[in-house]
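Count the sequence shown with the numbering used here and you get residues 168 to 335, in order. Ideal Cβ positions, reconstructed from N, Cα and C, are used throughout, including at glycine.
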Amino acid sequence: MDIQRVEEKIYLQTHSKYNNVVGRIVGPRGSSIKKLENKTGTRIFIRGQGSPRRETDIVMNPQEKLHVLLVCIDYKRIALQKIAQCVSLIQDLIKSSAKVQMDEEKAEQLKQVAITNGTYDQFKYQDKPKQIIHNGIDHKWHDEHECNNHDELEYYSVYYLPEYKCWF
168 MDIQRVEEKI YLQTHSKYNN VVGRIVGPRG SSIKKLENKT GTRIFIRGQG SPRRETDIVM
228 NPQEKLHVLL VCIDYKRIAL QKIAQCVSLI QDLIKSSAKV QMDEEKAEQL KQVAITNGTY
288 DQFKYQDKPK QIIHNGIDHK WHDEHECNNH DELEYYSVYY LPEYKCWF
């Protein structure tokens, strides 16, 4: 058995302005792609039309459709297993990206970006008790259980902070 280079291409057909599959695969500053590479033991490259490039990148075939190139150098049987695992994980990412706009993976990516940029506020992302804005004379904030007038409530959810507005 010799060590061989095994390659596989996954074509990305769901990339659009509103569904950034490449961004989901790459992640913030390449963190998701690095995690996939470490987990599967493969190298992952985004190639083809619309792929992110640096000036130093060599463009092999600029007319080729957008795809993910997976490369593994190992014994053939082991390399095929690693490639298959990576294909499965990337296809799961693509499917979840098409179905769900904000899932746990995306939330984790946004959290990592905020931490990296120094703008992460851990209290902002924790579950807050529901609050009611009292629209009376004193405009006093109070917890939900402190108000007896809950017949007409409006629900607001801004920046992960659920709020209720009481009109009494």
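Note: Y287 is not bridge-paired with any residue in the DSSP secondary-structure output. K176: member of the beta strand (DSSP E) spanning I170 to Y178, first to last residue.
In the DSSP assignment, L203 falls within the alpha helix (DSSP H) that extends over S198 to T207. Taking Q180 as reference, the option from N205, V238, R214 and S199 with the minimal CA-CA separation is R214.
Residue P195 holds the alpha-carbon nearest to the alpha-carbon of N284 among P195, L237, S199 and K206. For V254 against L236, the beta-carbon gap comes to about 12 Å, at or over 8 Å, which does not count as contact. In chain order, I170, Q171, R172, V173 and A246 place their CB closer than 8 Å to the CB of I240, counting only its own chain and leaving out the 5 sequence neighbours on each side. The straight-line gap separating the alpha-carbon atoms of Y287 and A281 is approximately 5 Å. With at least 16 other beta carbons inside 10 angstroms of its own, R191 counts as buried.
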